[in-house]
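For reference, the structure discussed in these notes is given below.
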Amino acid sequence: MADPISFLNWSLLALEPPGWGGVLLRGLMNSIEIAIGGYTFGLLLGIGGACGKLYGGPITRDLMECYTTIVRAVPELVLILLLYYAGTDALNYVLGLVGIGQVDISGLVAGIFVIGVVQGAYTTEVLRGAIKAVPAGQIEAARAYGMSPYKVMTRVTLPAMLPYAIPGLSNLWLIATKDTALLAVVGFSELTLVTRQAAGSTKAYLLFFCAAGVLYLMLTLVSDLIIRIIERRARRGFVEQS
Amino acid sequence: MSETPTTDITTHAMAITPEDLPAAEGFFKPHRIVLLAIAAGLVFCIVWFMRWDWIPQYLPRLGYGIMITLAMLFSTSILGFLLAVPLGLVQVTGPWPLKALAKGFCTVVRGTPLLLQLWLLYYGLGSLFPQFPAIRQSFLWPYLRESWPYGVAALTISFAAYEGEVMRGAFAGVPAGEIEAARAYGMSRWTLFRRIWLPRAIHRALPTLTGETVLQLKATPLVATITVIDVYAVISKVRQDTYITYEPLLLLALIYMCLTGILVIAFRTLENRIPTRGA
Amino acid sequence: MKKTLKTIAFSLALGIVAAGAVAAEPLKVGFAAEPYPPFTSPDASGNWEGWEVEFEKAICAEAKLECVITPVAWDGIIPALTSKKIDMIIGSMSITEERLKTIDFSDKYYNTPTGVIGPKSETFEATPEGLKGKTIGVQVSTIHQVYASKYFGENGATVKEYQTQDEANNDLAAGRLDAVQADSIALGAFLKSDQGKECCDLKGMVKDDPAILGAGVGIGIRKGEDELKAKLNAAIKAIRANGTYDTFSKKYFDFDVYGQ
Numbered sequence: 000m001a002d003p004i005s006f007l008n009w010s011l012l013a014l015e016p017p018g019w020g021g022v023l024l025r026g027l028m029n030s031i032e033i034a035i036g037g038y039t040f041g042l043l044l045g046i047g048g049a050c051g052k053l054y055g056g057p058i059t060r061d062l063m064e065c066y067t068t069i070v071r072a073v074p075e076l077v078l079i080l081l082l083y084y085a086g087t088d089a090l091n092y093v094l095g096l097v098g099i100g101q102v103d104i105s106g107l108v109a110g111i112f113v114i115g116v117v118q119g120a121y122t123t124e125v126l127r128g129a130i131k132a133v134p135a136g137q138i139e140a141a142r143a144y145g146m147s148p149y150k151v152m153t154r155v156t157l158p159a160m161l162p163y164a165i166p167g168l169s170n171l172w173l174i175a176t177k178d179t180a181l182l183a184v185v186g187f188s189e190l191t192l193v194t195r196q197a198a199g200s201t202k203a204y205l206l207f208f209c210a211a212g213v214l215y216l217m218l219t220l221v222s223d224l225i226i227r228i229i230e231r232r233a234r235r236g237f238v239e240q241s
Numbered sequence: 000m001s002e003t004p005t006t007d008i009t010t011h012a013m014a015i016t017p018e019d020l021p022a023a024e025g026f027f028k029p030h031r032i033v034l035l036a037i038a039a040g041l042v043f044c045i046v047w048f049m050r051w052d053w054i055p056q057y058l059p060r061l062g063y064g065i066m067i068t069l070a071m072l073f074s075t076s077i078l079g080f081l082l083a084v085p086l087g088l089v090q091v092t093g094p095w096p097l098k099a100l101a102k103g104f105c106t107v108v109r110g111t112p113l114l115l116q117l118w119l120l121y122y123g124l125g126s127l128f129p130q131f132p133a134i135r136q137s138f139l140w141p142y143l144r145e146s147w148p149y150g151v152a153a154l155t156i157s158f159a160a161y162e163g164e165v166m167r168g169a170f171a172g173v174p175a176g177e178i179e180a181a182r183a184y185g186m187s188r189w190t191l192f193r194r195i196w197l198p199r200a201i202h203r204a205l206p207t208l209t210g211e212t213v214l215q216l217k218a219t220p221l222v223a224t225i226t227v228i229d230v231y232a233v234i235s236k237v238r239q240d241t242y243i244t245y246e247p248l249l250l251l252a253l254i255y256m257c258l259t260g261i262l263v264i265a266f267r268t269l270e271n272r273i274p275t276r277g278a
Numbered sequence: 000m001k002k003t004l005k006t007i008a009f010s011l012a013l014g015i016v017a018a019g020a021v022a023a024e025p026l027k028v029g030f031a032a033e034p035y036p037p038f039t040s041p042d043a044s045g046n047w048e049g050w051e052v053e054f055e056k057a058i059c060a061e062a063k064l065e066c067v068i069t070p071v072a073w074d075g076i077i078p079a080l081t082s083k084k085i086d087m088i089i090g091s092m093s094i095t096e097e098r099l100k101t102i103d104f105s106d107k108y109y110n111t112p113t114g115v116i117g118p119k120s121e122t123f124e125a126t127p128e129g130l131k132g133k134t135i136g137v138q139v140s141t142i143h144q145v146y147a148s149k150y151f152g153e154n155g156a157t158v159k160e161y162q163t164q165d166e167a168n169n170d171l172a173a174g175r176l177d178a179v180q181a182d183s184i185a186l187g188a189f190l191k192s193d194q195g196k197e198c199c200d201l202k203g204m205v206k207d208d209p210a211i212l213g214a215g216v217g218i219g220i221r222k223g224e225d226e227l228k229a230k231l232n233a234a235i236k237a238i239r240a241n242g243t244y245d246t247f248s249k250k251y252f253d254f255d256v257y258g259q
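So the sequences go chain by chain: A, B and C.
Counting from 0, one number per residue, gives the positions in the first sequence under numbering that gives the first Met the number 0.
Counting from 0, one number per residue, gives the positions in the second sequence under numbering that gives the first Met the number 0.
Counting from 0, one number per residue, gives the positions in the third sequence under numbering that gives the first Met the number 0.
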């Protein structure tokens, strides 16, 4: 029973069995893996989405608007369930139509896909705001020099918007790491679910949930540290505005 | 000071805010009419070809679930905001132990997933309580036996931590001149706080409040995992009873979109009624 | 340009999918990702163990199938099967009329009665009268949930549904429930645990209702996979006949879990 004695039973956290520490760490690795995958996928979707929203034709723009509106209005938990069951189903169906045939979507890929689609909408909004913050004159000047739209994008717009985008993007990374916890609800063995399994098996609920909390917190704090370094580099030569 | 806009950007990216509401005149462009026709066709297909016969049977429970979701949303937002004010304030002016405590609280809550906090409270702390006969015999026990107090507690804490960060920026951002002016009028510290500092800070924080509240709505379904019967739990029940997967989830997404829409429109109306001086 | 970007994004998306697309050879055997002793429970090295895990190994070996165990969320286990995230359910799922509308089952591989447990401090019977006014916990989308709602819920008891059996047991120990209804073996394992020993005891077995409680536990498969079904049925028969079934059952039970 989860009495104070078993709460202090630190040996349950040992890395080697019979301790559950190794299981927790593996869960953390899974969480990080999904967060990185989902974040990257979301970033790609977001770049496409932001460009579509800003430079696309009216139809692209409206479709993007629908995408971001839906994701921003519906709880992540509901989206994750929908995408996890229906999304991968639909993907398989589409692939079947194209002729690639059924693919076996592993839990990891489904998790990355689900987190990525949600992150994609958030990233779209962050990047759109950042691109709009780039002084129009800079882009106009690049155009005036006869740069192709692609070149303007890669040489001017993207590098110039980065400092504006980084604070938002780094927040999204932190959100991605925490959103992976929601995959526990569909039975994916990330940190939160393995914690619940460990807690259920040993009945030391408080100990394991606190331990997982510390792991998540450490992930956040380490990310924070790295983000600060990146931010400082990206803001080089910027006038501190306030 | 650079953090206030940051939270702002992210909140805006994650939650619909009043400025995202479509303008009515924008709807009547040729391509939109075509798109709307396609959307109508899609909706028709969904309604026609999918199974919806379960709705009448579950309608009363769905209504009840929506009420619970809204009750959760409003109670925790209000409680959380009340908690956020002191959290923000002590981070700006408090003595250092309080400051560190408030900062630590915000960091820990914001650095861990809400789902984990919820389970920690319900399964972790909740399983400790009955071992103390004092708690078991106290008047609180009938409430501690229920699951909703834990849901309310977790959601309130989370809202307080996020909004506390906003309030910190808002308190710090009130122009020093206004406070000096108040002091020059001979206001006591308390009057100054009550009449100038707090109202100005809340005014500054209001725009983010919409986004935070929508985010809070998006967080409420998590309480279903600790047996609170909100609208999400009702839909889960439909899924489990009928083995229909997609239709209930689609309806659930629609319900949440409607709730978010109503919330955002309500906030816009509210914002329009609060006088603002052009910047 | 935006097209190029989109193409890149899309091909990357496909790439991710393709990278995850393992050769679709091994059959994925799903069960609930939660401790459900003595049938399936995780151990401290992250592996799953228990009677049902051994059963699964024996069946797959007998039927010459390549199987890989895949824990999934219990409340989504049937959608997971129908949307091909898993190929079989070996997760203590009883064969019922209601489930047969959506999926198919092999023959039964075990069958046990249903019990009700409660706190030691209270005495009541596992009958509608005994449970009147009490809060009774069950796991969602189980036969117990259906049974408890019909027999107890409609007779003045409050039925509270949990995502996992483990959570219901925990809430009983935490004093948030007055009773838990579940499979008698799973309840027995809980009563033998430190937590269960301290708080609770068996209040009795419920009156049988075959229409709800079903005719035992079978392997869940998708409809129309008759070849697999035939293989599994033959394998169940074979391991019953050649003694494998009894060998690993003895490790867990001192009675015949197969039932009559």
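Yeah, the Cβ is synthetic: ideal placement off N, Cα and C, and Gly gets one too.
All figures in this text were calculated on a predicted structure; none of them were measured in a lab.
Would you call residue i buried or exposed, if buried means 16 or more other Cβ atoms sit within 10 Å of its Cβ?
{"i": "arginine 227 of chain A", "result": "exposed"}
{"i": "asparagine 271 of chain B", "result": "exposed"}
{"i": "tyrosine 161 of chain B", "result": "buried"}
{"i": "leucine 81 of chain B", "result": "exposed"}
{"i": "proline 306 of chain B", "result": "The structure shown has nothing for residue 306 of chain B, since chain B only spans 0 to 278."}
{"i": "isoleucine 88 of chain C", "result": "buried"}
{"i": "methionine 71 of chain B", "result": "buried"}
{"i": "serine 287 of chain B", "result": "There is simply no residue 287 of chain B to check, as chain B begins at 0 and stops at 278 in what is shown."}
{"i": "threonine 87 of chain A", "result": "buried"}
Select from the options the residue whose C-alpha is nearest the C-alpha of residue i.
{"i": "leucine 27 of chain A", "options": "A/Leu218, A/Leu190, A/Ile111, A/Pro162", "result": "A/Leu190"}
{"i": "aspartate 52 of chain B", "options": "B/Ala252, B/Pro247, B/Leu269", "result": "B/Pro247"}
{"i": "tyrosine 231 of chain B", "options": "B/Leu81, B/Leu253, B/Phe266, B/Ala36", "result": "B/Leu253"}
{"i": "tyrosine 66 of chain A", "options": "A/Gly45, A/Arg154, A/Leu76", "result": "A/Gly45"}
{"i": "leucine 130 of chain C", "options": "C/Glu51, C/Ser120, C/His143, C/Val115", "result": "C/Val115"}
{"i": "valine 145 of chain C", "options": "C/Leu80, C/Gly45, C/Val205", "result": "C/Val205"}
Taking Cβ positions only, does residue i come closer than 8 Å to chain C?
{"i": "threonine 87 of chain A", "result": "yes"}
{"i": "tyrosine 344 of chain B", "result": "There is no way to answer for residue 344 of chain B, as the model of chain B reaches only from 0 to 278."}
{"i": "arginine 135 of chain B", "result": "yes"}
{"i": "lysine 131 of chain A", "result": "no"}
{"i": "glycine 18 of chain A", "result": "yes"}
{"i": "arginine 50 of chain B", "result": "no"}
{"i": "threonine 209 of chain B", "result": "no"}
{"i": "threonine 219 of chain B", "result": "no"}
Does the beta carbon of residue i come closer than 8 Å to any beta carbon on chain B?
{"i": "glycine 90 of chain C", "result": "no"}
{"i": "glutamine 162 of chain C", "result": "yes"}
{"i": "valine 294 of chain A", "result": "Any question about residue 294 of chain A goes unanswered here, given that chain A covers just 0 to 241."}
{"i": "threonine 95 of chain C", "result": "no"}
Could you tell me whether the Cβ of residue i comes closer than 8 Å to any Cβ of chain A?
{"i": "alanine 278 of chain B", "result": "Only weak support exists for where alanine 278 of chain B lies, its pLDDT of 44 falling under 50; the value from the coordinates is given anyway. Alanine 278 of chain B does not count as touching chain A."}
{"i": "valine 233 of chain B", "result": "no"}
{"i": "serine 140 of chain C", "result": "no"}
{"i": "tyrosine 245 of chain B", "result": "yes"}
{"i": "alanine 152 of chain B", "result": "no"}
{"i": "methionine 13 of chain B", "result": "yes"}
{"i": "glutamate 53 of chain C", "result": "no"}
{"i": "alanine 233 of chain C", "result": "no"}
Would you say residue i touches the ligand NAP, meaning its beta carbon is less than 7 Å from a heavy atom?
{"i": "isoleucine 229 of chain A", "result": "The ligand NAP is absent from the structure shown, which contains no ligand whatsoever."}
Relative to chain C, which residues along the segment 117 to 133 of chain B have a C-beta separation below 8 Å, given in chain order?
Using a CB distance below 8 Å, the part of the segment 117 to 133 of chain B facing chain C consists of Tyr122, Gly125, Ser126, Phe128, Pro129, ordered along the chain.
Which ranges would you report for the alpha helix (DSSP H) in the segment 108 to 168 of chain C if only whole runs of at least 4 residues count?
DSSP runs (the alpha helix (DSSP H)) wholly in the segment 108 to 168 of chain C: 142 to 146.
Quick one: complete alpha helix (DSSP H) runs, 4+ long, within the segment 229 to 255 of chain B?
Entirely contained in the segment 229 to 255 of chain B, the alpha helix (DSSP H) runs reaching 4 residues are, in chain order, 230 to 241.
For the segment 57 to 74 of chain B, which residues have a beta carbon sitting closer than 7 Å to at least one beta carbon of chain A?
Near chain A, meaning a CB-to-CB distance below 7 Å, no residue of the segment 57 to 74 of chain B qualifies.
Members of the segment 176 to 195 of chain A that neighbour chain B once the beta carbon cut-off is set at 9 Å
Cβ contacts with chain B come from Thr176, Lys177, Asp178, Thr179, Ala180, Leu181, Ala183, Val184, Leu190, Thr191, Thr194, Arg195.
For the segment 20 to 54 of chain A, which residues have a CB atom closer than 7 Å to at least one CB atom of chain B, in sequence order?
Here the close residues number zero.
Output, in sequence order along the chain, the residues in the segment 66 to 91 of chain A whose CB is closer than 9 Å to any CB in chain B.
Per Cβ criterion, the list reads Thr67, Thr68, Ile69, Val70, Arg71, Ala72, Val73, Pro74, Glu75, Leu76, Val77, Leu78, Leu80, Leu81, Tyr84, Ala85, Asp88.
Select from the segment 212 to 223 of chain C all residues with a C-beta closer than 7 Å to any C-beta belonging to chain A, and list them in chain order.
Hits within the stretch: zero.
Anything in the segment 94 to 113 of chain B with a Cβ closer than 8 Å to a Cβ of chain A? List those residues in chain order, please.
Correct list: Thr106, Val107, Arg109, Gly110, Thr111, Pro112, Leu113.
When Cβ atoms are compared, which residues of the segment 116 to 142 of chain C fall closer than 7 Å to chain B?
Taking 7 Å as the Cβ-Cβ cut-off against chain B, the residues of the segment 116 to 142 of chain C that qualify are Val139, Ser140.
As an exercise, report each continuous alpha helix (DSSP H) stretch of at least 4 residues that is fully enclosed by the segment 22 to 91 of chain C, in chain order.
Segments of the alpha helix (DSSP H) lying fully in the segment 22 to 91 of chain C: 50 to 61, 76 to 81.
At what residue ranges does the segment 117 to 160 of chain B contain a whole run of the alpha helix (DSSP H), taking only runs of 4 or more?
Counting only runs of 4 or more, we get 132 to 136, 140 to 144.
Quick one, which residues of the segment 57 to 80 of chain C are near chain A if we go by CB-CB under 9 Å, in chain order?
Shown in chain order are the members of the segment 57 to 80 of chain C whose Cβ falls below 9 Å from a Cβ of chain A: Thr69, Pro70, Val71, Ala72, Trp73, Asp74, Gly75, Ile76, Pro78, Ala79.
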